[in-house]
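Residue numbers (our numbering), protein chains in the order written: chain A, 1 to 463; chain B, 464 to 843. Glycine included, every Cβ here is placed at the ideal spot set by N, Cα and C. Before any comments, here is the structure.
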Amino acid sequence: MAGIVAVAVSVPRYRLPREVIAREWGATAAGGEKAVANHDEDSLTLAVNAALGLGVDGPPADAVYFATTTSPWAEKQAAATIAAVLDLPPAARTLDFTGTLRAGTSAMLAGLDAIAGGSASRVLVAAGDCRIAEPDSPAEQSFGDAGAALLLGCEAGLAEVVATHSVADEFVGTWRTQGQEFPRAFPGAFETKFGYGRVIAEAVKGVLAKVRIEPRELATVVLPAPTPRAPQAVAKAAGLDPKRQLQESFWTTLGDTGAVQPLLMLAAALERAKAGDLILVVGYGDGADAVVLRATGAAIPAGHGVARQIEVKRTLPSYGRYARFRKLVRKETVATESSSPVILWRDRKQLLPLYGGRCARCGTVQFPKHRICVECADANGLEEVRLARRGRLFTFTNDYLTESPDPPVTHAVVELDGGGRLYVQLTDCEPERVAIDMPLELTFRKIHEHGGFNNYFWKARPQ
Amino acid sequence: MNIRDRVAVVGVGCSKFGEHYDRSLEDLVVEAAFEAYRDARIEPARIEAAWVGTLESGYSGTALADPLKLYDIPITRVENYCASGMDAFRNACMAVAAGMYECVLVLGFEKLRDSGRRGLGTFGTHPVVGYGTTAPSLFAMAANRYFKTYGVTKDALAKVAVKNHHNGTMSPKAHFQMEVSEEQVLAAPLICSPLGLFDCCPTTDGAAAAIVCRTDVARSIRPDPILVKGLGLAVTSGEPYLKPGFAYTGFPATRRAAESAYEQAGVTPKDLDLAEVHDCFTITEILNYEDLGLCAPGEGWRYVAEGRASIGGEVPVNPSGGLKSFGHPIGATGVRMIYEVCQQLWHKAGARQVKDAEIGLAHNLGGPGAVGCVTVLANA
Numbered sequence: 001m002a003g004i005v006a007v008a009v010s011v012p013r014y015r016l017p018r019e020v021i022a023r024e025w026g027a028t029a030a031g032g033e034k035a036v037a038n039h040d041e042d043s044l045t046l047a048v049n050a051a052l053g054l055g056v057d058g059p060p061a062d063a064v065y066f067a068t069t070t071s072p073w074a075e076k077q078a079a080a081t082i083a084a085v086l087d088l089p090p091a092a093r094t095l096d097f098t099g100t101l102r103a104g105t106s107a108m109l110a111g112l113d114a115i116a117g118g119s120a121s122r123v124l125v126a127a128g129d130c131r132i133a134e135p136d137s138p139a140e141q142s143f144g145d146a147g148a149a150l151l152l153g154c155e156a157g158l159a160e161v162v163a164t165h166s167v168a169d170e171f172v173g174t175w176r177t178q179g180q181e182f183p184r185a186f187p188g189a190f191e192t193k194f195g196y197g198r199v200i201a202e203a204v205k206g207v208l209a210k211v212r213i214e215p216r217e218l219a220t221v222v223l224p225a226p227t228p229r230a231p232q233a234v235a236k237a238a239g240l241d242p243k244r245q246l247q248e249s250f251w252t253t254l255g256d257t258g259a260v261q262p263l264l265m266l267a268a269a270l271e272r273a274k275a276g277d278l279i280l281v282v283g284y285g286d287g288a289d290a291v292v293l294r295a296t297g298a299a300i301p302a303g304h305g306v307a308r309q310i311e312v313k314r315t316l317p318s319y320g321r322y323a324r325f326r327k328l329v330r331k332e333t334v335a336t337e338s339s340s341p342v343i344l345w346r347d348r349k350q351l352l353p354l355y356g357g358r359c360a361r362c363g364t365v366q367f368p369k370h371r372i373c374v375e376c377a378d379a380n381g382l383e384e385v386r387l388a389r390r391g392r393l394f395t396f397t398n399d400y401l402t403e404s405p406d407p408p409v410t411h412a413v414v415e416l417d418g419g420g421r422l423y424v425q426l427t428d429c430e431p432e433r434v435a436i437d438m439p440l441e442l443t444f445r446k447i448h449e450h451g452g453f454n455n456y457f458w459k460a461r462p463q
Numbered sequence: 464m465n466i467r468d469r470v471a472v473v474g475v476g477c478s479k480f481g482e483h484y485d486r487s488l489e490d491l492v493v494e495a496a497f498e499a500y501r502d503a504r505i506e507p508a509r510i511e512a513a514w515v516g517t518l519e520s521g522y523s524g525t526a527l528a529d530p531l532k533l534y535d536i537p538i539t540r541v542e543n544y545c546a547s548g549m550d551a552f553r554n555a556c557m558a559v560a561a562g563m564y565e566c567v568l569v570l571g572f573e574k575l576r577d578s579g580r581r582g583l584g585t586f587g588t589h590p591v592v593g594y595g596t597t598a599p600s601l602f603a604m605a606a607n608r609y610f611k612t613y614g615v616t617k618d619a620l621a622k623v624a625v626k627n628h629h630n631g632t633m634s635p636k637a638h639f640q641m642e643v644s645e646e647q648v649l650a651a652p653l654i655c656s657p658l659g660l661f662d663c664c665p666t667t668d669g670a671a672a673a674i675v676c677r678t679d680v681a682r683s684i685r686p687d688p689i690l691v692k693g694l695g696l697a698v699t700s701g702e703p704y705l706k707p708g709f710a711y712t713g714f715p716a717t718r719r720a721a722e723s724a725y726e727q728a729g730v731t732p733k734d735l736d737l738a739e740v741h742d743c744f745t746i747t748e749i750l751n752y753e754d755l756g757l758c759a760p761g762e763g764w765r766y767v768a769e770g771r772a773s774i775g776g777e778v779p780v781n782p783s784g785g786l787k788s789f790g791h792p793i794g795a796t797g798v799r800m801i802y803e804v805c806q807q808l809w810h811k812a813g814a815r816q817v818k819d820a821e822i823g824l825a826h827n828l829g830g831p832g833a834v835g836c837v838t839v840l841a842n843a
């Protein structure tokens with residue numbers, strides 16, 4: 001029986017209080033705050049960092065499905081990048097699921113199908129969303145950024161799949177055309193009533209009917225929450241007790257995290273599930289997906305758990321900073337530098353899964369993997385070694401000269417656990433609190449867009 | 464082979480250093496070269512070969528041939544990061560010592576103010592590794608490590624800036640003739656923590672020149688040529704930040720180059736009457752004291768604080784004002800240091816003259832401490 005083997009989430013460190021947005025536009029604050037991706041994060045890096053949370057070196061998987069409505073590429077696959085960072089074998093199947101808020105649950109269903117069909121024994125579903133709302137719109141207070149990853153396998157692990165059901169439904173409720181920058185929604189209650197409410201009810205009914213489960217038997221129900229109250233009416237109509245059965249959506253603390261939301265909520269549900277608990281997960285958008293799971297009650301490591309990810313945060317000081325992170329305001333003076341797809345391709349093994357070299361003679365671990373040992377000049381070739389994702393700060397500087405949307409840039413020499421030094425930028429940190437010897441963890445980030453494309457590499461941040 | 468006493472400097476020249484928005488590279492090169500010709504009392508036609516040092520303000524031998532109309536002779540461009548100028552001098556000395564030429568020209572220059580760039584550029588060419596690095600950031604990381612290792616704080620650095628700005632007030636060709644106080648230095652805006660604005664050398668335009676001859680020829684040109692006693696160059700990793708075990712409290716390239724130069728010259732740091740060293744940032748000068756053997760490791764901050772590096776001190780360091788006050792047009796700097804040491808040894812340094820100077824050292828550092836170049840000069 002197919003199931004969920006592991007789950008992890010990745011919430012950006014930054015929060016923007018809704019009050020700050022409301023004050024900017026003279027609007028009413030909806031309360032709480034939303035998670036905001038740092039300027040060096042996008043849906044891809046959020047998904048990668050969630051996937052890395054599944055295990056120190058990432059999980060072995062024979063397929064990677066990336067789910068998002070906001071891929072950093074309009075043409076080019078992001079799942080291939082994720083597979084490369086996780087050092088998966090070339091035979092891994094990679095695919096991007098996009099175009100609808102239900103991409104997260106659809107990727108999960110496709111993964112379960114692949115396992116059922118025997119083409120894969122482990123499927124990584126890595127979701128990330130970073131939806132940019134139109135300034136001075138209700139969506140701007142609502143949308144939040146996050147990543148979540150599920151590892152699906154042939155065994156139950158955390159939960160086994162009991163039943164699945166999908167409904168396809170043509171409905172122009174929320175959309176974004178090729179030429180539009182911000183998602184749009186038809187004004188008023190049209191979608192709530194005739195899209196969201198009707199289609200979710202149909203999917204819930206459908207999945208429960210397949211396995212003859214009564215609504216009251218469900219321990220937890222995950223319903224998408226475009227607003228904090230939206231799921232209430234649907235739950236009631238479906239014969240559920242919103243108070244007892246509905247999973248908290250984290251709308252107040254993180255916002256509507258888009259295609260990631262159902263997976264993020266599922267992670268939270270699994271964290272506190274007891275053995276035998278039935279969990280219903282629903283994804284909505286141009287139809288709906290519904291999955292019923294039976295939890296095994298197995299414990300989830302807390303590090304990448306939802307509570308911890310929500311708790312560790314920094315408040316963005318201003319709307320202006322947020323606007324620069326999301327490129328809602330542009331600077332024209334930014335240097336036009338180039339990049340090289342050639343070098344990035346040639347160095348891919350060092351840049352993405354972060355391999356260094358170990359000298360066979362003197363044992364020195366080094367980055368990059370030089371042809372000749374940097375320590376003893378042995379020319380017999382270094383052996384490839386995957387570098388640790390943790391280390392401590394050897395030295396640093398806060399650089400006010402380098403152009404950045406979030407100055408100063410902190411350059412850091414990191415002494416990695418197990419050997420090797422990296423020279424990277426620190427991110428998600430308070431520059432004035434950076435100190436030599438502080439423990440650091442690596443995080444995968446977008447470095448820049450020179451050359452007209454996304455250039456990714458690693459940074460480090462305080463543990 | 465030892466370089467000692469085989470070649471000598473017979474003339475030097477230096478343009479006014481500064482922000483020359485109204486002057487071209489050609490203007491600066493001609494100013495420096497013709498001062499050197501006049502100083503040596505030779506005609507340009509006497510020059511048999513030339514070396515030109517620049518990081519990026521010109522390419523190939525034509526960078527010198529065209530402004531000076533110095534055609535039909537061998538000219539080589541040398542680039543070795545910020546040590547380009549002194550390495551050009553070193554290559555010229557070796558060619559003369561080898562017997563190929565009797566009289567050659569060395570000229571270094573850089574025209575930084577024609578671009579609106581903030582500070583010096585980065586060294587890396589990789590699309591993502593080392594992205595965003597700036598010149599001050601590389602030395603600021605050394606400062607933070609030095610502070611951590613020896614329990615020193617930022618005010619130790621300020622003393623270098625105060626000293627070098629003071630010396631600069633007596634240096635008419637320097638970029639700045641301006642005293643600064645320790646308080647001003649400490650209150651300046653941060654550039655790369657812990658380095659503030661006054662911990663950094665300025666962005667300067669300038670050119671400097673030297674004429675090098677075989678020693679016997681030099682003596683026929685002037686009675687008091689300055690003898691080249693030792694030349695050292697060492698190149699270490701250009702990526703020290705990735706090198707396991709790199710301590711970041713000094714630069715091995717300087718140590719190796721100095722050992723070599725001292726050995727050829729047959730002198731020790733104690734014999735020096737003055738030193739012109741590469742103070743691109745205040746921390747660099749402190750590390751240089753230690754790497755050049757003027758004091759023990761960890762004692763550099765004390766060396767300046769106790770006045771031992773001041774004019775009148777143990778070994779006056781940067782009587783010219785150094786990069787800090789004289790300015791740092793990259794390719795020019797190494798040659799400008801030769802210019803200053805010669806002025807001092809000829810006792811023509813005016814108000815900043817080091818009394819009875821006979822032996823002087825010049826030290827040029829390139830990249831993130833990767834290229835060390837040391838020259839020892841002495842009176843004949």
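Item	Value
Which residues bound the beta strand (DSSP E) around aspartate 662 of chain B?	Per DSSP, aspartate 662 of chain B belongs to no beta strand (DSSP E) and is neither H nor E.
Would you please verify whether the beta carbon of glutamate 375 of chain A is less than 8 angstroms from any beta carbon of chain B?	yes
For glutamate 217 of chain A, count the other beta carbons within 10 Å of its own beta carbon; 16 or more makes it buried, fewer makes it exposed. Which is it?	exposed
Is the Cβ of alanine 621 of chain B closer than 8 angstroms to any Cβ of chain A?	no
State yes or no: is the beta carbon of serine 340 of chain A nearer than 8 angstroms to at least one beta carbon in chain B?	yes
Please tell me whether tyrosine 855 of chain B and alanine 605 of chain B are closer than 8 angstroms, where the distance is taken between their beta carbons.	The displayed coordinates of chain B run from 464 to 843. Any statement about residue 855 of chain B would go beyond what the structure contains.
Ends of the alpha helix (DSSP H) at lysine 205 of chain A?	198 to 211
At a CB distance below 9 angstroms, what residues from the region 634 to 658 of chain B approach chain A? Give them in sequence order.	Pro652, Leu653, Ile654, Cys655, Ser656, Pro657, Leu658
Give me the DSSP bridge partner(s) of arginine 326 of chain A.	Paired residues: none, contrary to the question.
Based on the DSSP secondary-structure assignment, which residues constitute the bridge partners of aspartate 289 of chain A?	A:Ser166, A:Gly283
Run through the DSSP bridge pairs and tell me what tyrosine 500 of chain B is partnered with.	Note: tyrosine 500 of chain B sits in no beta bridge, so no partner.
Report the neighbours of threonine 597 of chain B on chain A: residues whose CB is nearer than 7 angstroms to its CB, in chain order.	Asp399, Leu401, Thr402
State whether the region 643 to 650 of chain B contacts the region 440 to 458 of chain A, with contact taken as three or more CB pairs (one from each stretch) at a distance under 8 angstroms.	no
For arginine 576 of chain B and proline 792 of chain B, I'd like the C-alpha separation in whole angstroms.	9 angstroms
Is there at least one Cβ from chain B nearer than 8 angstroms to valine 365 of chain A's Cβ?	yes
Relative to the C-alpha of alanine 30 of chain A, which candidate in A:Asp40, A:Pro17, A:Ala37, A:Val36 has its C-alpha closest?	A:Pro17
Taking DSSP as the reference, what is the three-state secondary structure of histidine 589 of chain B?	coil
By how many angstroms is the C-alpha of methionine 464 of chain B removed from the C-alpha of aspartate 535 of chain B?	30 angstroms
Would you mind reading off the limits of the beta strand (DSSP E) that contains tryptophan 514 of chain B?	512 to 516
I'd like to check one pair, phenylalanine 744 of chain B with aspartate 687 of chain B: are the Cβ atoms closer than 8 angstroms?	no
Using a 10 Å radius around the Cβ and a threshold of 16 neighbouring Cβ atoms, would you call threonine 105 of chain A buried or exposed?	buried
Within the 8 angstroms Cβ cut-off, does asparagine 49 of chain A reach chain B?	no
Would asparagine 627 of chain B and glycine 829 of chain B be called neighbours here (beta carbons separated by less than 8 angstroms)?	no
Asparagine 827 of chain B: buried (16+ other C-beta within 10 angstroms of its C-beta) or exposed?	buried
Flag this pair as yes or no: are the beta carbons of threonine 443 of chain A and cysteine 429 of chain A separated by less than 8 angstroms?	no
Kindly give me the distance between the Cβ atoms of alanine 795 of chain B and glycine 548 of chain B, rounded to whole angstroms, as I take these residues to be in contact under 8 angstroms.	6 angstroms
Using beta-carbon positions only, say whether glycine 790 of chain B and methionine 633 of chain B come within less than 8 angstroms of one another.	no
Hey, out of A:Glu248, A:Pro12, A:Lys34, whose CA is closest to alanine 22 of chain A's CA?	A:Lys34
List, in order along the chain, the chain A residues whose C-beta lies closer than 8 angstroms to that of arginine 608 of chain B?	Phe394, Thr395, Ile436
Give me the Cβ distance between glutamate 519 of chain B and glycine 669 of chain B, rounded to the nearest whole Å; I'm assuming they're in contact under 8 angstroms.	Not confirmed; about 15 angstroms, so no contact.
Along the chain, where does the beta strand (DSSP E) that runs through leucine 828 of chain B open and close?	822 to 829
Applying a beta-carbon distance threshold of less than 7 angstroms, which residues of chain A neighbour alanine 603 of chain B?	Thr397
Applying a beta-carbon distance threshold of less than 9 angstroms, which residues of chain B neighbour glutamate 457 of chain A?	The amino acid at residue 457 of chain A is misidentified as glutamate; the sequence shows phenylalanine. The answer, in chain order, is Pro590, Val591, Val592, Tyr594.
Three Cβ pairs or more, each shorter than 8 angstroms: is that satisfied between the region 596 to 612 of chain B and the region 397 to 412 of chain A?	yes
Is it the case that the region 523 to 534 of chain B contacts the region 549 to 559 of chain B, given that we only count it when at least three CB pairs across the two stretches are under 8 angstroms?	no
CA-CA distance, leucine 750 of chain B and glutamate 821 of chain B?	25 angstroms
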